[in-house]
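*Asks:*
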Amino acid sequence: MKTIAVLFGSRSAEHDVSIVTAIASIIKPLELAQKYRVEAVYITKEGVWLWDDRLKDISLFTSGKIDQFIARCKPASVTFNGGLTLNRVGRLGRVESRKVDVAFPATHGTYGEDGALMGLLDMAGVPYVGCGLVASVLAMDKALAKILAQAHGVPVTKFQFFPRSVVQNDISAAVKACTSKLTFPMFIKPAHLGSSIGISRATNETELRNGLEVAAHYDDKVLVEEAVQNLIEVTLPIIGNDELTPAYLEQPLVKAEDFFDFETKYMGGGKKAGAKAGGQKGAQGYSKIPAELPKELYKKAEEVGLSVYRALDCSGIARVDMLIDSKTKQVYFNEVNPLPGSLYAHNWRAKGISNVELVTRLVDLAEGRHQKRQSLSTIFSTNFLKQF
Ligand SMILES: Nc1ncnc2c1ncn2[C@@H]1O[C@H](COP(=O)(O)OP(=O)(O)O)[C@@H](O)[C@H]1O
Ligand SMILES: [Mg+2]
8 MKTIAVLFGS RSAEHDVSIV TAIASIIKPL ELAQKYRVEA VYITKEGVWL WDDRLKDISL
68 FTSGKIDQFI ARCKPASVTF NGGLTLNRVG RLGRVESRKV DVAFPATHGT YGEDGALMGL
128 LDMAGVPYVG CGLVASVLAM DKALAKILAQ AHGVPVTKFQ FFPRSVVQND ISAAVKACTS
188 KLTFPMFIKP AHLGSSIGIS RATNETELRN GLEVAAHYDD KVLVEEAVQN LIEVTLPIIG
248 NDELTPAYLE QPLVKAEDFF DFETKYMGGG KKAGAKAGGQ KGAQGYSKIP AELPKELYKK
308 AEEVGLSVYR ALDCSGIARV DMLIDSKTKQ VYFNEVNPLP GSLYAHNWRA KGISNVELVT
368 RLVDLAEGRH QKRQSLSTIF STNFLKQF
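Numbering-wise, the working numbering puts 327 at position 320 of the sequence shown, and it's gapless, one number per residue.
#1: Look up residue 75 in the DSSP assignment and say whether it is helix, strand or coil.
#2: Got a sec: does ligand 4 put a non-hydrogen atom nearer than 7 Å to the Cβ of residue 328?
#3: Which residues mark the beginning and the end of the alpha helix (DSSP H) in which residue 110 is found?
#4: I'd like to know if the stretch 211–230 and the stretch 166–176 are in contact, where contact means that at least 3 CB-CB pairs between them fall below 8 Å.
#5: Near residue 283, what residues of its chain come up, given a Cβ to Cβ distance below 8 Å and the 5 sequence neighbours on each side ignored?
#6: Return the residue from the list 369, 159, 165 and 164 that minimises the CA-CA distance to residue 251.
#7: Looking at the structure shown, is residue 385 part of a helix, part of a strand, or coil, going by DSSP?
#8: Between the beta-carbon of residue 132 and the beta-carbon of residue 97, is there less than 8 Å?
#9: From residue 277 to residue 193, what does the alpha carbon distance come to, in whole angstroms?
#10: Going by DSSP, which residues form a beta bridge with residue 242?
#11: Are residue 257 and residue 330 touching if we call contact CB-CB under 8 Å?
#12: Between which two residues does the beta strand (DSSP E) containing residue 93 stretch?
#13: Answer yes if the stretch 103–121 comes into contact with the stretch 62–79, meaning at least three C-beta pairs across the two stretches below 8 Å, and no otherwise.
#14: Is any heavy atom in ligand 2 found nearer than 7 Å to the beta carbon of residue 341?
#15: How about residue 331: is its Cβ closer than 7 Å to a heavy atom in ligand 1?
#16: Roughly how many angstroms separate the alpha carbons of residue 153 and residue 342, rounded to a whole number?
#17: Once DSSP output is grouped into helix, strand and coil, what is the label at residue 298?
#18: Is DSSP giving residue 170 helix, strand or coil here?
#19: Select from 235, 155, 94 and 11 the residue whose C-alpha is nearest the C-alpha of residue 336.
#20: So within the stretch 176–218, which uninterrupted beta strand (DSSP E) runs reach at least 3 residues, ignoring any that extend past its ends?
#21: How many angstroms separate the CA atom of residue 178 from the CA atom of residue 339?
#22: Going by Cα to Cα distance, which pick from 27, 95 and 80 is closest to residue 64?
#23: Based on Cα-Cα distance, which residue from 145, 164 and 92 lies nearest to residue 130?
#24: Look at the Cβ atom of residue 106, then the Cβ atom of residue 168, and state whether they are nearer than 8 Å.
#25: Would you mind stating whether residue 125 and residue 116 have Cβ atoms separated by less than 8 Å?
#26: What first and last residue would you give for the alpha helix (DSSP H) that runs through residue 144?
#27: Closest to residue 87 by CA distance: which of 68, 78 and 108 is it?
#28: Can you list, in chain order, the residues of its chain with a C-beta nearer than 8 Å to that of residue 11? Leave out the 5 residues immediately preceding and following it.
#29: Secondary structure at residue 414, three-state DSSP: helix, strand or coil?
#30: If we require 4 or more residues per run, which alpha helix (DSSP H) segments fall completely within the stretch 40–70?
#31: Quick one: what's got a C-beta closer than 8 Å to residue 279's C-beta in the same chain, skipping five residues either side?
#32: Tell me the DSSP secondary structure of residue 247 in three-state form.
#33: I need the straight-line Cα distance from residue 383 to residue 134, nearest angstrom please.
#34: Look at the Cβ atom of residue 40, then the Cβ atom of residue 366, and state whether they are nearer than 8 Å.
#35: How would you label residue 349, buried or exposed, when you count the other beta carbons within 10 angstroms and need 16 or more for buried?
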């Protein structure tokens with residue numbers, strides 16, 4: 008039986024969301040597949056790694072007993088001996104070890120989805136599910152993702168970006184750069200954060216100035232972009248390495264004024280509005296699956312999603328968000344989520360792909376990508392050292 012290590016939690020604002028993704032959408036279906044040995048590896052908010060079967064039980068986290076558990080549990084360690092091996096001190100002080108065949112990151116945000124964990128797994132030389140290091144880094148930087156998408160001919164809204172130091176030392180220059188190149192309304196965002204943290208919308212210079220200050224408080228890079236008018240938002244989950252399978256384009260039914268609200272996105276706060284509009288409950292409240300768009304526009308948005316996935320060299324799974332101007336029918340790329348919450352399993356189910364099939368396919372894709380990468384030569388013989 009192959010050993011799959013599901014890694015979750017970590018030092019991120021989205022720590023708690025990751026616990027739900029890992030346990031409900033990854034560990035359970037992997038176990039139901041009955042062909043893997045599934046190891047739960049929980050990374051605490053302090054960055055300590057714990058490896059224990061009891062971490063597969065969501066009630067440990069929902070009951071609040073997790074702090075006590077962390078205090079008592081001995082930290083696990085990992086070693087890189089031709090792959091990745093988990094180690095822990097078991098009962099009677101004996102060290103238990105298990106070699107991992109495939110790692111399954113279930114981490115959202117910093118220290119997990121942003122490439123940090125992928126770098127570690129690359130160093131270990133273990134196959135892992137989802138996007139690689141470079142795609143993860145690009146996807147988690149909204150400015151870099153836009154630059155790359157644009158270079159591949161994908162439409163993005165007009166934008167500017169600044170390092171925090173510019174905002175802090177010469178905010179007037181940043182304001183001027185925005186007002187001379189962009190038109191109001193504008194959105195101001197921390198470049199690396201999700202969950203609408205630190206995002207604001209500005210309709211004049213004062214609001215822009217405030218928005219820049221807020222975003223620079225949260226991040227070392229600030230992105231400013233023109234607002235898309237007559238907005239329809241859609242998102243497209245995609246799986247695959249070379250051959251891509253899109254799920255349905257999905258249209259979140261969240262009111263624009265709630266856009267910054269974490270509750271609405273993750274805690275089901277969008278329930279009432281969505282229920283009335285007849286949507287389905289998904290990872291971010293209610294949504295329409297598939298999105299109700301004219302056929303041409305649907306196709307266009309799907310193509311934008313697939314182009315972005317390819318442009319960033321995503322692999323395994325990712326979700327591409329787009330903003331549509333319903334009057335001009337222009338589709339703009341907004342952002343990529345390399346590890347969509349709950350894997351967007353509700354959308355895959357609608358598409359006829361069960362949770363079990365989804366995680367099984369993702370494990371296969373991880374192994375496929377790893378094999379391909381191994382065929383790249385990293386060993387070069389030279390005479391360089393002989394001259395010393
Ligand atoms: N350029 C834009 N035009 C119109 N609405 C936008 C724009 N950028 C962001 N928004 C709104 O703000 C929300 C959050 O922005 P987004 O870049 O998706 O950040 P997050 O990472 O928090 O999801 C979007 O879902 C959308 O409702
Ligand atoms: Mg978003």
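For each residue, glycine too, the CB sits at the ideal point set by N, CA and C.
*Replies:* The answer reads as follows:
#1: Translated into the one-based positions of the sequence shown, residue 75 becomes position 68. In this structure, residue 75 counts as helix in the three-state DSSP scheme.
#2: Absent from the structure shown: ligand 4. Ligands present: ligand 1 and ligand 2.
#3: Locating residue 110 in the sequence shown gives position 103, counting from the first residue. First-last for residue 110: 109–112, but that is the beta strand (DSSP E), not the alpha helix (DSSP H).
#4: yes
#5: Locating residue 283 in the sequence shown gives position 276, counting from the first residue. Unreliable placement is indicated for residue 283, whose pLDDT of 44 sits below 50; the coordinate value is still reported in the next sentence. Correct list: empty, nothing qualifies.
#6: One-based indexing of the sequence shown puts residue 251 at position 244. Nearest option by C-alpha distance: 369.
#7: Along the sequence shown, one-based indexing puts residue 385 at 378. Looking at residue 385 - three-state DSSP - the assignment turns out to be coil, as it is neither helix nor strand.
#8: Stepping through the sequence shown from its first residue, residue 132 is reached at position 125. Stepping through the sequence shown from its first residue, residue 97 is reached at position 90. Contact: no.
#9: Locating residue 277 in the sequence shown gives position 270, counting from the first residue. Locating residue 193 in the sequence shown gives position 186, counting from the first residue. Because the pLDDT of residue 277 is 43, which lies under 50, any placement of that residue in the model is unreliable, and the number read from its coordinates should be weighed accordingly. The straight-line gap from Cα to Cα measures roughly 24 Å.
#10: Position 235 of the sequence shown, counted from the start, is the residue given in the question as residue 242. The partner list for residue 242 (beta bridge, DSSP) reads 257 and 328.
#11: Within the sequence shown, the letter at position 250 stands for residue 257. Within the sequence shown, the letter at position 323 stands for residue 330. No, Cβ-Cβ distance for residue 257 and residue 330 is not below 8 Å.
#12: In the sequence shown, residue 93 corresponds to position 86, counting from 1. Here the beta strand (DSSP E) through residue 93 covers 91–96.
#13: no
#14: Against the sequence shown, residue 341 aligns to sequence position 334. For ligand 2, at least one heavy atom lies less than 7 Å from the Cβ of residue 341.
#15: Taking the first residue of the sequence shown as 1, we reach residue 331 at position 324. Not under cutoff, so the answer is no.
#16: Within the sequence shown, the letter at position 146 stands for residue 153. Within the sequence shown, the letter at position 335 stands for residue 342. Rounded to the nearest angstrom, the two C-alpha atoms are 8 Å apart.
#17: What you label residue 298 is simply residue 291 of the sequence shown in a count that begins at 1. Looking at residue 298 - three-state DSSP - the assignment turns out to be coil, as it is neither helix nor strand.
#18: For the purposes of this step, residue 170 is taken as residue 163 along the sequence shown, with counting starting at 1. The answer is strand: DSSP assigns residue 170 an E or B state.
#19: Within the sequence shown, numbered from 1, the residue matching residue 336 stands at position 329. Residue 235 is the option with its Cα nearest to residue 336.
#20: 193–197 and 207–209
#21: Your numbering for residue 178 matches position 171 in the sequence shown. Your numbering for residue 339 matches position 332 in the sequence shown. Using only the alpha carbons, I get a separation of about 28 Å.
#22: For this step, residue 64 is matched to residue 57 along the sequence shown. Closest option to residue 64, Cα to Cα, is 27.
#23: Residue mapping note: residue 130 aligns to position 123 of the sequence shown, counting from 1. It is 92.
#24: Here residue 106 is taken as the residue at index 99 of the sequence shown, counted from 1. Here residue 168 is taken as the residue at index 161 of the sequence shown, counted from 1. Against a cut-off of 8 Å, the Cβ pair of residue 168 and residue 106 comes out as no contact.
#25: Taking the sequence shown and counting its residues from 1, the one referred to as residue 125 is at position 118. Taking the sequence shown and counting its residues from 1, the one referred to as residue 116 is at position 109. In this structure, residue 116 does not lie closer than 8 Å to residue 125 by Cβ.
#26: The sequence position of residue 144 within the sequence shown is 137, counting from 1. Note, residue 144: alpha helix (DSSP H), 140–146.
#27: In the sequence shown, the residue the question calls residue 87 occupies position 80. Comparing Cα-Cα distances from residue 87 to each of 68, 78 and 108, the minimum goes to 108.
#28: By one-based count along the sequence shown, residue 11 stands at place 4. Correct list, in chain order: 37, 43, 44, 45, 46, 107, 108, 109, 110, 111 and 370.
#29: Because the chain in this structure spans residues 8 to 395, residue 414 falls outside the shown range and cannot be described.
#30: 65–69
#31: Locating residue 279 in the sequence shown gives position 272, counting from the first residue. With a pLDDT of only 41 at residue 279, under 50, the local geometry of the prediction cannot be trusted, and the value read off the model is given with reservation. Nothing listed; no residue qualifies.
#32: For the purposes of this step, residue 247 is taken as residue 240 along the sequence shown, with counting starting at 1. If DSSP states are grouped into helix, strand and coil, residue 247 belongs with the strands.
#33: For the purposes of this step, residue 383 is taken as the residue at position 376 of the sequence shown. For the purposes of this step, residue 134 is taken as the residue at position 127 of the sequence shown. Rounded to the nearest angstrom, the two C-alpha atoms are 15 Å apart.
#34: Sequence index remark: in the sequence shown, residue 40 carries index 33 (1-based). Sequence index remark: in the sequence shown, residue 366 carries index 359 (1-based). Contact: yes.
#35: Here residue 349 refers to the residue found at position 342 when the sequence shown is read from its first residue. Buried, because 16 or more other Cβ atoms sit within 10 Å of the Cβ of residue 349.
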